[in-house]
Amino acid sequence: MEAIKHRLKSAIVGLSADMNLPVNISMGYALYPDDNSTLSVLITLADSNMYNEKKA
Numbered sequence: 001m002e003a004i005k006h007r008l009k010s011a012i013v014g015l016s017a018d019m020n021l022p023v024n025i026s027m028g029y030a031l032y033p034d035d036n037s038t039l040s041v042l043i044t045l046a047d048s049n050m051y052n053e054k055k056a
């Protein structure tokens, strides 16, 4: 999952560099059913993971 996240981030940042627009992104994710089995908990976990990445 981290490799996919890295590829997405690199692609988006690369596109913005081509347009001379400084952009950075933060992504969070949660996996079903590993992290939880309810949608609301998965969304909460993904949101929390995104904010943790922003702090890093």
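Take the sequence shown: its letter number 10 is residue 10 in the UniProt record's numbering, and every next letter is one higher. Positions of the beta carbon are idealized from the N, C-alpha and C atoms, including for glycine.
In this structure, Met27 keeps its C-beta atom at 8 Å or more from the C-beta atom of Lys55. Residue state for Val41 is assigned as helix, using DSSP reduced to three classes. For Leu15, the uninterrupted alpha helix (DSSP H) run begins and ends at Glu2 to Asp18, by DSSP. When DSSP states are grouped into helix, strand and coil, Ser26 belongs to the coil group.
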